[in-house]
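**Student:** Before anything else, here's the structure in question.
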Amino acid sequence: MSRLWNQPSVRFFSDEDTGNTPKTIDVNIDFQNVDVNDYAAVIMSANYTSVRLRYFEPPTGQPISAEQVRTSPAVQFYASAMANPRIIKGALCHGLWIVTPIPELLKGRQVICHEVVLWCNLYSITFRCCGGR
């Protein structure tokens, strides 16, 4: 499942190892067309997927604001999953960047991550919005 940007499907490619043919996966389920509450778990993949999925359509003629990234369909989908205690949430590596537009989603939650990858981001989020908790 991913955002399909009004296409019937999207083909994603793996990182290319020197001399190896990239692996592909075709996705034909758009998370904008499903109910997150129908799922037992929502996992955000690693690498920069979450950054790319935070893309949003800025209003024509208006300057881009930090608040607008909250309107990204992917951010809203993951936020809906975070609001449902029945759904298991996971974010591999940089995947936690999907919650940075709405830092209060992490308030009162324990987060496990690699300190080199996300420590600065989580530290900033926690102290900016959650008073260090």
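Using our numbering, read the sequence shown as starting at 1141 and increasing by one per residue. Don't be surprised by glycine CBs; every beta carbon is placed ideally from N, CA and C.
Could you tell me if residue 1238 is buried or exposed, where buried requires 16 or more neighbouring beta carbons within 10 angstroms of its beta carbon?
**Tutor:** Buried: at least 16 other Cβ atoms inside 10 Å.
**Student:** Can you tell me whether residue 1251 is buried or exposed, with buried defined as 16 or more other CB within 10 angstroms of its CB?
**Tutor:** So residue 1251 counts as exposed.
**Student:** Within 8 Å, do at least three Cβ pairs link the region 1178–1190 to the region 1218–1236?
**Tutor:** Short answer: they touch.
**Student:** Kindly indicate the opening and closing residues of the alpha helix (DSSP H) around residue 1217.
**Tutor:** Residue 1217 -> alpha helix (DSSP H) spans 1213–1223.
**Student:** Who does residue 1182 pair with in a DSSP beta bridge?
**Tutor:** Bridge partners of residue 1182: 1229.
**Student:** Can you tell me where the beta strand (DSSP E) holding residue 1167 begins and where it ends?
**Tutor:** Start and end: 1164–1167.
**Student:** Please classify residue 1251: does DSSP put it in a helix, a strand, or coil?
**Tutor:** It is coil, neither helix nor strand.
**Student:** Mapping DSSP to helix, strand and coil, what is residue 1142?
**Tutor:** Reduced to three states, the DSSP call for residue 1142 is strand.
**Student:** Assuming residue 1152 and residue 1167 form a contact by the criterion Cβ under 8 Å, report the distance between their Cβ atoms to the nearest whole angstrom.
**Tutor:** Confirmed, about 7 Å.
**Student:** Tell me whether the region 1195–1205 and the region 1175–1185 touch, counting them as touching only if at least three CB pairs, one residue from each stretch, are closer than 8 Å.
**Tutor:** No, the region 1195–1205 is not in contact with the region 1175–1185.
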